[in-house]
Amino acid sequence: MRRIFGNGSYANVTATLALVIALGGTSYAAIKLPKNSVSTLQVKDRSLLKKDFRPGQLPAGKRGPAGPAGPPGDAGASGGGGGGGSAVFNRAEGADGLVPGAGDQVIQSMNLPAGNWVVTAKFIAENATAVAGGVLSCRLTLGGAVIDTLGPGAGIDFDQGATSNTLTGAAAGGGPAAVICNTSNTVSAGSYRARSITAISAGSVAGG
25 MRRIFGNGSY ANVTATLALV IALGGTSYAA IKLPKNSVST LQVKDRSLLK
75 KDFRPGQLPA GKRGPAGPAG PPGDAGASGG GGGGGSAVFN RAEGADGLVP
125 GAGDQVIQSM NLPAGNWVVT AKFIAENATA VAGGVLSCRL TLGGAVIDTL
175 GPGAGIDFDQ GATSNTLTGA AAGGGPAAVI CNTSNTVSAG SYRARSITAI
225 SAGSVAGG
């Protein structure tokens with residue numbers, strides 16, 4: 025020992041011994057630390073990391089508070105119509121002749137289930153020959169009730185030439201949706217073509 029420390033003072037010798045012991049203790053702890061020798065007393069609080077534990081080793085924490093509500097979603101698709109039917113009914117047909125001077129003639133019809141309906145009928149009316157004073161009068165009905173008429177008063181001029189016409193109305197109920205026409209032309213027959221009826225179910229209609 026004298027050969028190692030020589031004539032060193034007491035303080036120097038003490039410091040050197042403390043350093044040797046400290047280094048030796050650290051090496052022992054790092055290399056030869058016995059299994060299960062570290063307890064909670066030796067572990068600094070909040071010093072361990074997630075990677076120090078096996079997956080599933082730590083129990084789940086308490087559920088946090090609910091987050092803020094997200095933005096509203098897009099509107100959903102419209103539902104089907106009531107009355108056991110589809111939301112939309114449509115019927116289209118080709119040309120049909122009109123007997124002149126024969127009174128009312130149904131040029132197109134389509135049966136609808138009970139419900140609230142918006143009905144639109146379109147057709148082209150044509151008179152084969154020019155006749156002075158020829159008048160065409162039509163009406164759109166649903167279940168026998170008139171929901172629209174063609175032209176003000178008695179009707180429209182039904183002279184030679186094709187005329188595109190539209191009738192539309194809304195009503196509650198069911199039964200046949202029909203286009204009914206007559207003409208004052210008693211000389212030459214007229215015709216109807218490009219005929220169509222479309223009925224769309226509605227949540228409610230005026231008076232329905």
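All residue numbers for the sequence shown refer to the working numbering, where the first residue is 25 and numbers rise by one. Virtual Cβ for every residue (Gly too), placed ideally from N, Cα, C.
Residue i burial status per 10 Å Cβ neighbour count (16 or more: buried)
i, result
"threonine 207", "buried"
"phenylalanine 77", "exposed"
"glutamine 143", "Residue 143 is actually valine in this sequence, not glutamine. When all chains shown are included, valine 143 counts as buried."
Residue i versus residue j: straight-line alpha-carbon distance, rounded
i, j, result
"glycine 214", "proline 96", "56 Å"
"serine 61", "glycine 88", "36 Å"
"serine 225", "leucine 136", "10 Å"
"glycine 18", "alanine 152", "No answer is possible for residue 18: the residues shown for the chain start at 25 and end at 232."
"alanine 149", "isoleucine 180", "11 Å"
"phenylalanine 147", "isoleucine 171", "17 Å"
"threonine 50", "leucine 65", "Its pLDDT being 48, under 50, threonine 50 is placed unreliably in this model, and the value from its coordinates should be taken loosely. Distance between the alpha carbons of threonine 50 and leucine 65: 18 Å."
"glycine 227", "arginine 115", "22 Å"
"alanine 138", "alanine 194", "13 Å"
"valine 67", "alanine 90", "34 Å"
"glycine 104", "leucine 82", "For glycine 104, the pLDDT reaches just 47, beneath the cut-off of 50, and the residue's location in the model is therefore unreliable, although a value from the coordinates is still provided. The straight-line gap from Cα to Cα measures roughly 52 Å."
Residue range of the beta strand (DSSP E) that includes residue i
i, result
"leucine 164", "159 to 166"
"proline 92", "Per DSSP, proline 92 belongs to no beta strand (DSSP E) and is neither H nor E."
"threonine 222", "214 to 225"
"aspartate 172", "169 to 173"
Beta-ladder partner(s) of residue i, from DSSP
i, result
"leucine 191", "Ala145"
"threonine 207", "Leu160"
"glycine 139", "Gly197"
Proximity test, residue i beta-carbon vs the ligand ZN heavy atom, cut-off 7 Å
i, result
"asparagine 206", "Among the components modelled here there is no ligand, and therefore nothing to report on the ligand ZN."
For residue j and residue i, believed in contact at Cβ under 8 Å, the rounded distance
i, j, result
"leucine 166", "glycine 199", "7 Å"
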